[in-house]
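Once you know that position 326 of the sequence shown is 326 in UniProt numbering, the rest is easy, because the numbers rise by one and skip nothing. Ideal placement from N, C-alpha and C gives every residue a C-beta, glycine not left out. Note sheet for the following structure.
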Amino acid sequence: MSHNSSQDNLPFVLDNEENEEFEESISLQVTSHKQKHKKYLPEEENEPSNTGDLAPLLSNSSRDSIAPDSNSILVLENGDTLRMPKDGGSFFESFLNMANSIIGAGIIGLPFAFRESGVFAGVILLIGLTVLVDWTIRLLIYNAKLSGRNSYQEVMQFCFGKSGLIIISGFQFVFAFGGMCAFCVVIGDTIPHVIASLFPAIIKIPVLNLFTDRYFVIMFCTIFISYPLSLYRDISKLSKASGLALVSMTVIVTSVVIEAPQVDQKLRGSSEETWTFVQPQIFQSIGIISFAFVCHHNSLLIFDSLRKPTLNRFAAVTHLSTGISMLACLLVALVGYLVFTDKTEGNILNNFPKDNVIINIARFCFGFNMFTTLPLEAFVCRESIEIYYFSNAPFSMKRHVISTTVLVVCAMIVSLLTSDLGIVLELTGGCSATALAYILPPVCFLKLSSGKWWSRKKLPAVLCVGFGIAVMILSTILSIIKIYKNF
1 MSHNSSQDNL PFVLDNEENE EFEESISLQV TSHKQKHKKY LPEEENEPSN
51 TGDLAPLLSN SSRDSIAPDS NSILVLENGD TLRMPKDGGS FFESFLNMAN
101 SIIGAGIIGL PFAFRESGVF AGVILLIGLT VLVDWTIRLL IYNAKLSGRN
151 SYQEVMQFCF GKSGLIIISG FQFVFAFGGM CAFCVVIGDT IPHVIASLFP
201 AIIKIPVLNL FTDRYFVIMF CTIFISYPLS LYRDISKLSK ASGLALVSMT
251 VIVTSVVIEA PQVDQKLRGS SEETWTFVQP QIFQSIGIIS FAFVCHHNSL
301 LIFDSLRKPT LNRFAAVTHL STGISMLACL LVALVGYLVF TDKTEGNILN
351 NFPKDNVIIN IARFCFGFNM FTTLPLEAFV CRESIEIYYF SNAPFSMKRH
401 VISTTVLVVC AMIVSLLTSD LGIVLELTGG CSATALAYIL PPVCFLKLSS
451 GKWWSRKKLP AVLCVGFGIA VMILSTILSI IKIYKNF
């Protein structure tokens, strides 16, 4: 394999010496028990590692959950474990996992992002941010190799000590909690319409007609479905719903593309603003797009699951996943916005009639998927709290129940106070997704690599950090001002 092919995988980053590391196959992983327990080292021990192939890139959280057996993992006498090249998921399975991480709830807000940015600026942003996200995902994996760490949190802690761990935990908490709020809003936007469509007479039946009320449905579904699921300590089984989630997303994309051009003229927006190049709310639209595309917190887990996990193979998975996701998002965003223009809502499904059968199928798939997605985000929030406040404390069921209850109830309250999915995506994407995608990966690279900041190797990372900080500040401030004006 040539050096040039490796340069293509991570442009503007590697010099000739570092490029050789990209060609190293790490299909035979060696992870000692001693290394696994060095998650949080004192700052004086946190020096960059040049361990080459022995730098562990497997995620502890996912690998430790797999029971060793003679067919997949070899256990040595000294306690080391070796994963054979034939083990792990296929290229296609890794692609599905990453695509599912990208094409989530944010996709239904992308037509609204185009409304805020302008159609031409929206297309440019969507393509440009896809390329940038693709680059920073692979940069994060490269950072893990340089540091010899297994997760986003560990890379940040290695680079910046306890402060780095606090920062990444904080941003992940905000991103996950914003996702919880968004999912509660989606439940209120979808399930009542589906019930009213399936059972038209229910509106006239006392008590049962409450299931067509947005507020009641949010409280009922959150308290009696999502909350009990959120109480599980190990919710790995819920994460296996990737196939169902991707089917749901496919149904939504297909439904919007087929039904949008057929809607009644009264539901369509004004044609005067259809082809505007740029709109004043362009920075908020970057937040929405970023919310839809950020999957960095899962990238090392996906790398871990890949059979023969070389950096070039992971780069191919990343290119394919972000490319396919971009096409799906671009299709929904363009069709949705060009039909509804200035009437485009934060949830594009809300623009369609309540009695549209195909759209109601899409609403059901999307709403049902939120039942299991919300607990996954609650798990991330809870883990962030545990890492920050109780990293050395033993597990407490009382603390577990209290933190879960507070998180779910707060997310439910936020969703009851607003029905505007767009503002939730704007604020969450602006203040957290931008940091996770555009700021922290290049900052870690700048810390781990040598050379002047203005060198050819480092300058793209510096520019990426500057872009991320500018978008995070402007998008967050403008979103807060918008919320204040609405109230």
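| Query | Result |
| --- | --- |
| So, with DSSP's three-state summary, where would you put residue 306? | strand |
| Judging by CA-CA distance, which residue of 457, 472, 108, 443 is the nearest neighbour of residue 248? | 108 |
| On the criterion of 16 or more Cβ atoms from any shown chain inside 10 Å, does residue 131 qualify as buried, or is it exposed? | exposed |
| Tell me the DSSP secondary structure of residue 232 in three-state form. | coil |
| Kindly confirm or deny that the region 338 to 346 and the region 162 to 181 touch, where touching means at least three C-beta pairs closer than 8 Å. | no |
| Measure the C-alpha to C-alpha separation of residue 439 and residue 376 and round it to an integer number of angstroms. | 24 Å |
| For residue 172, name the three-state secondary structure that DSSP assigns. | helix |
| Can you grab the Cα-Cα spacing for the pair residue 409 / residue 156, in whole Å? | 30 Å |
| Just to confirm my understanding: we take residue 208, look at its own chain, exclude 5 residues before and 5 after, and list those with CB closer than 7 Å. What are they? | 202 |
| Tell me the rounded alpha-carbon separation between residue 445 and residue 263. | 49 Å |
| With DSSP collapsed to three states, give me the class of residue 261. | helix |
| Taking the alpha carbon of residue 288 as the reference point, which residue from 430, 322, 405, 350 has its own alpha carbon closest? | 430 |
| According to DSSP, is residue 357 part of a helix, a strand, or is it coil? | helix |
| With DSSP run on the structure shown, which of helix, strand or coil describes residue 345? | coil |
| Could you spell out where the alpha helix (DSSP H) holding residue 291 opens and where it closes? | 282 to 293 |
| Of the choices 99, 94, 433, whose alpha-carbon is the least far from that of residue 245? | 99 |
| Buried or exposed, going by whether 16 or more other CB atoms sit within 10 Å of the CB of residue 37? | Annotation note: pLDDT 38 at residue 37 (below 50); position unreliable, coordinate value reported separately. So residue 37 counts as exposed. |
| Counting along the chain, where does the alpha helix (DSSP H) carrying residue 92 start and finish? | 91 to 102 |
| Who are the near neighbours of residue 468 in its chain, counting only those whose CB is closer than 7 Å to its CB and skipping five residues on each side? | 434, 435, 438, 439 |
| Who are the Cβ neighbours of residue 293 in its own chain at under 6 Å, not counting the five residues just before and after it? | 102, 133 |
| Quick one: measure Cβ to Cβ for residue 492 and residue 421, integer angstroms, because I've assumed they're closer than 8 Å. | Given that the chain is displayed from residue 1 to residue 487, the structure contains no residue 492 and the question cannot be resolved. |
| Using CA atoms only, rank isn't needed, just tell me which of 304, 291, 478, 303 is closest to residue 329. | 291 |
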